[in-house]
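Note sheet for the following structure.
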Amino acid sequence: MLDLVIEARKASLAPGMDVRRILPFRLRRMVGPFIFMDHAGPVDLQPPISHDMDVLPHPHIGLSTVSYLFGGQVTHRDSLGVEQIIRPGEVNWMTAGSGIAHSERFEDPATLAGGELEMIQTWVALPEKDEESAPSFENYKPEQLPVFTETGVWMRLIAGDAYGLRNGVKTHSPLFYLHVVLEKGARFGLPKEHSERGVYVAKGSIEVSHRTYTVGQMLVFNIGADPMIVAKEPTTLMLLGGEPVGERYIWWNFVSSRKERIEQAKADWKEGRILLPPTDNLEYVPLPADRSKPAGGPSPQALS
Numbered sequence: 001m002l003d004l005v006i007e008a009r010k011a012s013l014a015p016g017m018d019v020r021r022i023l024p025f026r027l028r029r030m031v032g033p034f035i036f037m038d039h040a041g042p043v044d045l046q047p048p049i050s051h052d053m054d055v056l057p058h059p060h061i062g063l064s065t066v067s068y069l070f071g072g073q074v075t076h077r078d079s080l081g082v083e084q085i086i087r088p089g090e091v092n093w094m095t096a097g098s099g100i101a102h103s104e105r106f107e108d109p110a111t112l113a114g115g116e117l118e119m120i121q122t123w124v125a126l127p128e129k130d131e132e133s134a135p136s137f138e139n140y141k142p143e144q145l146p147v148f149t150e151t152g153v154w155m156r157l158i159a160g161d162a163y164g165l166r167n168g169v170k171t172h173s174p175l176f177y178l179h180v181v182l183e184k185g186a187r188f189g190l191p192k193e194h195s196e197r198g199v200y201v202a203k204g205s206i207e208v209s210h211r212t213y214t215v216g217q218m219l220v221f222n223i224g225a226d227p228m229i230v231a232k233e234p235t236t237l238m239l240l241g242g243e244p245v246g247e248r249y250i251w252w253n254f255v256s257s258r259k260e261r262i263e264q265a266k267a268d269w270k271e272g273r274i275l276l277p278p279t280d281n282l283e284y285v286p287l288p289a290d291r292s293k294p295a296g297g298p299s300p301q302a303l304s
């Protein structure tokens, strides 16, 4: 049975960089361990391209960020000293743990002017035992990620396990995350091995139980539901979910099972105790005004 349909909301990360924000949602803060989801692009800007597009160094705690590109490229730099150009089809998994800062720079003007840049970023809440783990960053190439095809269906396992597929992407709790492309008329079912499951329509449209759903909508299904998804046209889906990790508080870029830990993270960033990327340390995002407490729900100023 369909539990909920989430309509993406418009949010702005920077001038010219508007995103569709799917999670968190007021009626559904998480799907499995996934607590945040943004869909950026396609971005098509005319020269000159402003430096204001860049996402400046900013902090995270208590989560893993997962960056996945459909097109274009982004340069990631973090406080571990990692500098990585993120390209389409790769999985870039940054575990913040006890605290990390990173930036995302759009340093190839051609991809912005050509309408190529399009990306999905999710945050995965860490289990309590891993919330204070050491920060890390891993880049996985497309050839490390299994692909399955059948008539009218192509899918890549980004992380976790589903449909009998597994890969080497290191995760901290049971989950699944897939990129699925369907031809018109293709029929597709959800994985059954996870208790919470969401389907996000990134391109095209689908029919489920005689109703049509389009770009920017996420369908969340109850345990035991076995829906049949039919592509109404060439369609791209992102499937995600897994097992719940428990209640989490989210404020700005901080996620934790404890309110007081978020307060500590605020102080740490304000006082400079979370290091900036060594090769990108001349500017940063200051701590926002405290308009909401962690218990009051997500801050509208969340960054990737």
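Per the UniProt record's numbering: the sequence shown ends with 304, consecutive numbering throughout. C-beta atoms are modelled at their ideal positions from N, C-alpha and C, and glycine is treated no differently.
Stretch pair the stretch 26-45 + the stretch 74-84: three plus CB contacts closer than 8 Å: With a cut-off of 8 Å, the stretch 74-84 and the stretch 26-45 do not count as touching, because too few Cβ pairs lie within range.
Is the distance from the Cβ of Leu63 to the Cβ of Ala101 below 8 Å? Going by C-beta atoms, Leu63 is not nearer than 8 Å to Ala101.
Taking the alpha-carbon of Arg156 as reference, which of Gly89, Lys170, Glu118 and Leu126 has the nearest alpha-carbon? Out of Gly89, Lys170, Glu118 and Leu126, Gly89 has the C-alpha closest to the C-alpha of Arg156.
To which residues of the same chain is Met218 closer than 6 Å at the C-beta, ignoring the five residues directly before and after it? Cβ neighbours of Met218 within its own chain (closer than 6 Å, five residues either side excluded): Ile6, Ile22, Gly198 and Tyr200.
Which residue comes first and which comes last in the beta strand (DSSP E) that contains Ala162? Looking at the DSSP string, the run of the beta strand (DSSP E) that includes Ala162 is Val153 to Ala162.
Where do the N-terminal and C-terminal ends of the alpha helix (DSSP H) with Asp268 fall, by residue? In the DSSP assignment, Asp268 falls within the unbroken alpha helix (DSSP H) covering Lys259 to Lys270.
Neighbourhood of Ser98 by C-beta, 6 Å cutoff - its chain only, sequence neighbours within 5 removed: Taking Ser98 as the centre and dropping the five residues before and after it, the same chain places the C-beta of Glu132 closer than 6 Å to its C-beta, in chain order.
Where do the ends of the beta strand (DSSP E) carrying Met218 lie? Under the DSSP assignment, Met218 falls in the beta strand (DSSP E) whose first and last residues are Gln217 to Phe221.
Kindly confirm or deny that the stretch 163-175 and the stretch 125-142 touch, where touching means at least three C-beta pairs closer than 8 Å. Verdict: yes, contact present.
Please give me, in chain order, every unbroken run of the beta strand (DSSP E) with length at least 3 that falls completely inside the stretch 177-220. Entirely contained in the stretch 177-220, the beta strand (DSSP E) runs reaching 3 residues are, in chain order, 187-189, 196-203, 205-208 and 211-214.
Secondary structure at Ala96, three-state DSSP: helix, strand or coil? Collapsing the DSSP output to three states places Ala96 in coil.
From Ala289 to Tyr163, what distance separates their C-alpha atoms? Their Cα atoms are separated by approximately 45 Å.
Report yes or no: is there a C-beta of chain D within less than 8 Å of the C-beta of Thr212? No chain D is present in this structure, which holds just one protein chain.
Quick one, are the C-beta atoms of Phe277 and Pro57 less than 8 Å apart? As written in the sequence, residue 277 is Pro, which differs from the Phe given in the question. Judged by beta-carbon spacing, Pro57 lies within the 8 Å limit of Pro277, meaning their Cβ atoms are closer than that value.
Return the CA-CA distance between Met94 and Thr65, expressed in angstroms with no decimal places. Cα to Cα, the separation comes out at about 5 Å.
Using the three-state DSSP reduction, which class does Glu128 fall into: helix, strand or coil? In this structure, Glu128 counts as helix in the three-state DSSP scheme.
Val181: buried (16+ other C-beta within 10 angstroms of its C-beta) or exposed? The residue in question, Val181, is buried, as its Cβ has 16 or more Cβ neighbours within 10 Å.
With the cut-off set at 8 Å, would you say Ala20 and His39 are in Cβ contact? The question names Ala, but residue 20 is Arg in the sequence shown. Against a cut-off of 8 Å, the Cβ pair of His39 and Arg20 comes out as a contact.
Might you give, ordered along the chain, the residues of its own chain that have their beta carbon closer than 6 Å to the beta carbon of Met1, omitting 5 neighbours on each side? Its chain contains Asn222 and Ala225 as the residues whose beta carbon lies nearer than 6 Å to that of Met1, once the 5 sequence neighbours on both sides are disregarded; these appear in chain order.
Where Pro59 falls: helix, strand or coil (DSSP): In the three-state scheme derived from DSSP, where H, G and I count as helix and E and B as strand, Pro59 is classed as strand.
To the nearest angstrom, how far is the alpha carbon of Ala295 from that of Val255? Only weak support is given to the placement of Ala295: the predicted model assigns it a pLDDT of 44, under 50, and the question is left unresolved by the model.
Is Glu143 near Phe70, with beta carbons less than 8 Å apart? Contact: no.
Could you check the C-alpha separation between Ile206 and Met228 for me, to the nearest Å? Those two C-alpha atoms are separated by around 10 Å.
From which residue to which residue does the beta strand (DSSP E) around His76 run? Following the DSSP letters along the chain, one finds His76 inside the beta strand (DSSP E) bounded by residues Val74 to Asp78.
Neighbour-count burial assignment, Ala231, 16 or more Cβ in a 10 Å radius: A residue is called buried once 16 or more other Cβ atoms fall within 10 Å of its Cβ, and Ala231 is buried on that count.
Starting from Pro42, follow the beta strand (DSSP E) in both directions and report where the run begins and ends. Counting along the chain, the unbroken beta strand (DSSP E) around Pro42 starts and ends at Phe34 to Val43.
Please report how far the alpha carbon of Val31 lies from the alpha carbon of Arg261, in whole angstroms. Annotation: Val31 to Arg261 spans about 23 Å, alpha carbon to alpha carbon.
Endpoints, beta strand (DSSP E) assigned at Gly242: Thr235 to Gly242 is the extent of the beta strand (DSSP E) around Gly242.
Whether Phe36 touches Thr149 by CB criterion (8 Å): The answer is no: Cβ separation not under 8 Å.
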